[in-house]
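Numbering (the UniProt record's numbering), first residue to last: 1 to 311. Just so you know, even glycine gets a beta-carbon here, dropped at the ideal spot from N, CA and C. Scroll down for the structure; my scribbles are underneath it.
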Ligand SMILES: Nc1ncnc2c1ncn2[C@@H]1O[C@H](COP(=O)(O)OP(=O)(O)OP(=O)(O)O)[C@@H](O)[C@H]1O
Ligand SMILES: [Mg+2]
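Take a look at the structure:
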């Protein structure tokens with residue numbers, strides 16, 4: 001990767017469209033070997049960025065999905081107790097005894113995503129995605145400090161493993177809770193914005209090549225405008241793609257006709273959102289389907305509601 005433009009070009013080649021800011025952040029993460037923390041609203045392409053980077057570099061992709069209660073045993077490594085027990089029984093049957101050194105050896109070590117990334121043989125570093133770190137308990141973050149700072153893991157029984165080829169680490173968060181300063185300090189940081197209308201349309205175009213231009217343009221524009229409404233779950237790029245794909249399958253050439261309302265389940269995911277989005281479209285039979293949607297703005301009350309404010 002020569003520079004940020006090169007990163008953007010390579011990501012484009014695997015259908016991930018980035019802006020200058022994200023391309024630079026990814027370039028620096030690769031070149032400086034520092035973890036990158038990506039934040040942004042749901043559906044802006046945080047997870048997809050890490051996946052695309054691995055594809056663009058033609059390297060191994062390793063994913064750690066975080067959730068409440070995630071433990072070191074699931075994220076770093078675990079001892080294979082069943083195999084240890086079997087080995088003890090076998091040794092007993094043969095009249096011998098296994099020592100702790102025998103039992104807590106590499107033979108009984110089970111790699112989990114982070115140790116797998118540390119022990120990756122290279123020569124191209126793998127991309128490790130630590131997805132939705134804000135969902136893990138905050139104590140879990142402390143488990144990552146050594147790895148994030150030194151690309152190593154200490155296993156008390158075996159010593160410290162340090163990566164030959166340090167992995168490219170991408171962490172994502174939806175800011176459902178604050179992360180430790182100590183974690184932020186160890187990472188580069190980038191906030192991903194929703195793509196501008198032209199790039200949003202290009203993303204949809206790549207994902208749904210069969211869709212017509214008017215459908216892509218009006219649907220992405222409408223989804224962009226709908227994000228400004230007071231919604232329980234603002235639609236992201238995935239929803240925009242689903243909507244255009246659904247309408248395209250139904251043969252719609254643009255954002256008109258009954259199917260527009262019939263498919264809003266792809267972009268509105270709660271009963272209240274259905275009502276709000278349907279109102280923004282203009283519910284038939286009163287007038288056109290796009291009754292209140294004039295392009296660019298929606299007529300329902302606009303108030304941007306952050307995820308935190310809703311919690
Ligand atoms: N810049 C982009 N280029 C190409 N596709 C994109 C881009 N941004 C988003 N997408 C598409 O949108 C979908 C949703 O993106 P993704 O799952 O990465 O969002 P996210 O930010 O991780 O959301 P969440 O916070 O809900 O996990 C992806 O599967 C991808 O198809
Ligand atoms: Mg994600």
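Buried or exposed by the 16-neighbour rule on C-beta atoms within 10 Å, applied to residue i
| i | result |
| --- | --- |
| residue 300 | Because residue 300 carries a pLDDT of 48, less than 50, the predicted location of this residue cannot be relied on, and the following value inherits that uncertainty. The residue is buried, with at least 16 neighbouring Cβ atoms inside 10 Å. |
| residue 172 | buried |
| residue 186 | buried |
| residue 287 | Unreliable positioning characterises residue 287 in this predicted model, as indicated by a pLDDT of 34, which lies under 50. A coordinate reading is not provided. |
| residue 248 | buried |
| residue 310 | Bear in mind that a pLDDT of 41 at residue 310, under 50, signals an unreliable position, so the number given afterwards is only what the model happens to contain. It is exposed - the Cβ of residue 310 has fewer than 16 other Cβ atoms within 10 Å. |
| residue 273 | buried |
| residue 182 | exposed |
| residue 285 | At residue 285 the pLDDT is 33, less than 50, meaning the model places this residue with poor confidence and gives no usable figure here. |
| residue 221 | buried |
| residue 156 | exposed |
| residue 195 | buried |
| residue 213 | exposed |
Residue i versus residue j - alpha carbon distance
| i | j | result |
| --- | --- | --- |
| residue 225 | residue 163 | 46 Å |
| residue 152 | residue 116 | 11 Å |
| residue 5 | residue 154 | 37 Å |
| residue 76 | residue 148 | 12 Å |
| residue 2 | residue 52 | 17 Å |
| residue 67 | residue 78 | 18 Å |
| residue 29 | residue 159 | 27 Å |
| residue 217 | residue 246 | 15 Å |
| residue 281 | residue 275 | 10 Å |
| residue 37 | residue 74 | 21 Å |
| residue 27 | residue 175 | 24 Å |
| residue 279 | residue 261 | 10 Å |
| residue 48 | residue 177 | 22 Å |
| residue 150 | residue 130 | 16 Å |
| residue 54 | residue 188 | 18 Å |
| residue 106 | residue 91 | 18 Å |
| residue 263 | residue 206 | 21 Å |
Cβ pair residue i, residue j closer than 8 Å
| i | j | result |
| --- | --- | --- |
| residue 312 | residue 25 | Past the boundaries of the shown model lies residue 312; the chain is included only from 1 to 311, so the question cannot be answered. |
| residue 113 | residue 120 | no |
| residue 170 | residue 8 | no |
| residue 244 | residue 268 | no |
| residue 259 | residue 252 | yes |
| residue 14 | residue 59 | no |
| residue 255 | residue 229 | no |
| residue 128 | residue 62 | yes |
| residue 118 | residue 161 | yes |
| residue 242 | residue 270 | no |
| residue 40 | residue 192 | yes |
| residue 122 | residue 165 | yes |
| residue 108 | residue 83 | yes |
Item to check | contact_flag[the region 39-54, the region 226-240] where n(CB pairs < 8 Å) is 3 or more | outcome: yes
Checklist entry - Is the region 135-142 in contact with the region 99-109, if contact means three or more CB pairs nearer than 8 Å? => result no
Checklist entry - Whose beta carbon lies closer than 7 Å to any heavy atom of ligand 2, going through the chain in order? => result 46, 47, 131, 132 and 172
Item to check | Cβ contact check for the region 196-211 and the region 2-22: 3 or more pairs under 8 Å | outcome: yes
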